[in-house]
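Structure first, then comments.
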Amino acid sequence: MLRLGRGTKITLAVITALILICTYIPLFVIVMNSFNANKVAGWPIANFSLIWWEKALTNPAMHAALLNSIVVASCATAIALLLGTLSAFALQRFKFYGRETVNLIIILPITLPGVVTGVALSNTFYQVLDPIGIKVGYMGMIIAHATFCVVMVFNNVIARLRRMNPNLEEASMDLGAGMMQTFRSVTFPQFRSAFIAGGLLAFALSFDEVYVTIFTAPPGVETLPLWFMNQMGRPNEANQVNVVATVIILLSLIPVYFSQRVSAQAANDLK
1 MLRLGRGTKI
11 TLAVITALIL
21 ICTYIPLFVI
31 VMNSFNANKV
41 AGWPIANFSL
51 IWWEKALTNP
61 AMHAALLNSI
71 VVASCATAIA
81 LLLGTLSAFA
91 LQRFKFYGRE
101 TVNLIIILPI
111 TLPGVVTGVA
121 LSNTFYQVLD
131 PIGIKVGYMG
141 MIIAHATFCV
151 VMVFNNVIAR
161 LRRMNPNLEE
171 ASMDLGAGMM
181 QTFRSVTFPQ
191 FRSAFIAGGL
201 LAFALSFDEV
211 YVTIFTAPPG
221 VETLPLWFMN
231 QMGRPNEANQ
241 VNVVATVIIL
251 LSLIPVYFSQ
261 RVSAQAANDL
271 K
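For the sequence shown, the UniProt record's numbering gives the first residue as 1, with consecutive numbering after it.
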């Protein structure tokens with residue numbers, strides 16, 4: 001067992017405390033400023049009010065932006081779950097010429113800067129497809145998000161497939177189970193936690209994507225991150241951002257809770 005000296009323990013404790021402070025103090029300031037009665041966010045807060053909560057939660061532009069973010073993230077995640085899982089199975093279970101090249105092509109979008117991906121897709125949509133009569137519109141934004149969401153699912157699923165025991169599937173089929181029954185009863189339960197974790201990561205990545213959205217969103221369409229950016233440019237309305245950010249912080253506790261449950265289940269599956 002590794003034993004740490006007193007000085008090392010103190011140093012690690014101080015570093016940990018500084019990291020926690022730098023992470024959670026800004027979040028605390030956001031939450032408190034959502035109750036700030038002043039038009040401009042600041043600290044310390046002199047007067048508290050719920051006026052910004054009323055304005056933000058009844059703002060139709062915010063409602064539309066939130067709905068767009070949910071729709072785009074949900075559709076991109078659904079595409080990513082399908083393509084990412086199928087790609088993982090293809091690359092893990094089959095050997096074919098160019099397999100490593102295909103693997104590189106799949107993971108490349110997540111390694112590229114978002115602005116590069118956004119410019120590339122924008123040029124494709126509006127300078128290549130538009131002139132030949134193909135209008136991608138809203139669907140183009142979903143496709144753009146799916147390009148990097150696929151990687152999240154792919155990485156999680158293929159990592160789990162590499163640790164799975166193929167003998168269990170063979171035993172199931174030897175006992176008379178068909179391919180689909182084996183998949184439902186034996187294969188899927190083994191990588192289910194990785195499948196869910198990849199979906200959660202894909203949804204979160206799509207929900208707060210900015211760069212790709214800026215270049216691929218149709219005119220007049222805002223997602224929540226774009227609405228945040230536009231509101232921050234209006235100092236007298238910036239506190240509405242604090243309200244919506246506070247709501248998102250609270251809602252984020254839900255996937256965090258489920259991701260911990262999934263991680264615990266995955267750990268138990270490997271025992």
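Even glycine gets a Cβ: it sits at the ideal position worked out from N, Cα and C.
Using beta-carbon positions only, say whether residue i and residue j come within less than 8 Å of one another.
{"i": "Glu222", "j": "His145", "result": "no"}
{"i": "Thr213", "j": "Pro225", "result": "yes"}
{"i": "Gly118", "j": "Pro218", "result": "no"}
{"i": "Glu169", "j": "Thr147", "result": "no"}
{"i": "Asn239", "j": "Asn47", "result": "no"}
{"i": "Phe125", "j": "Arg160", "result": "no"}
{"i": "Ala197", "j": "Asn167", "result": "no"}
{"i": "Ser185", "j": "Ser172", "result": "yes"}
{"i": "Val151", "j": "Ile106", "result": "yes"}
{"i": "Ser69", "j": "Asn242", "result": "no"}
{"i": "Leu108", "j": "Arg99", "result": "no"}
{"i": "residue 272", "j": "Val244", "result": "Lying before the first or after the last residue shown, residue 272 is absent from the chain, which here runs from 1 to 271."}
{"i": "Phe154", "j": "Leu81", "result": "no"}
{"i": "Ile249", "j": "Leu27", "result": "yes"}
Can you tell me which of the options puts its alpha carbon nearest to the alpha carbon of residue i?
{"i": "Ile158", "options": "Phe89, Phe96, Leu250 and Glu100", "result": "Phe89"}
{"i": "Phe258", "options": "Arg234, Leu200, Gly220 and Leu250", "result": "Leu200"}
{"i": "Gly233", "options": "Leu27, Lys9 and Val40", "result": "Val40"}
{"i": "Ile30", "options": "Leu18, Pro44 and Ala17", "result": "Pro44"}
{"i": "Ile110", "options": "Pro131, Phe183, Cys149 and Leu82", "result": "Cys149"}
{"i": "Ile143", "options": "Ala76, Leu250, Ile10 and Ile254", "result": "Ala76"}
{"i": "Leu121", "options": "Tyr211, His63, Asn38 and Leu81", "result": "Tyr211"}
{"i": "Phe94", "options": "Ala245, Val115, Arg162 and Thr182", "result": "Arg162"}
{"i": "Trp227", "options": "Val153, Leu129, Leu108 and Ala65", "result": "Ala65"}
{"i": "Lys55", "options": "Gly220, Thr182 and Gln231", "result": "Gln231"}
{"i": "Gly140", "options": "His63, Gly178, Ala73 and Met62", "result": "Ala73"}
{"i": "Leu205", "options": "Arg261, Met180, Ala17 and Gly114", "result": "Gly114"}
{"i": "Val256", "options": "Phe203, Glu237, Ser49 and Met229", "result": "Phe203"}
Could you give the DSSP three-state label for residue i: helix, strand or coil?
{"i": "Asn38", "result": "coil"}
{"i": "residue 277", "result": "As displayed, the chain neither begins before 1 nor continues past 271, which places residue 277 out of reach and without an answer."}
{"i": "Met179", "result": "helix"}
{"i": "Lys55", "result": "helix"}
{"i": "Trp227", "result": "helix"}
{"i": "Arg3", "result": "coil"}
{"i": "Phe203", "result": "helix"}
{"i": "Arg162", "result": "coil"}
{"i": "Leu112", "result": "coil"}
{"i": "Asp208", "result": "coil"}
{"i": "Pro218", "result": "coil"}
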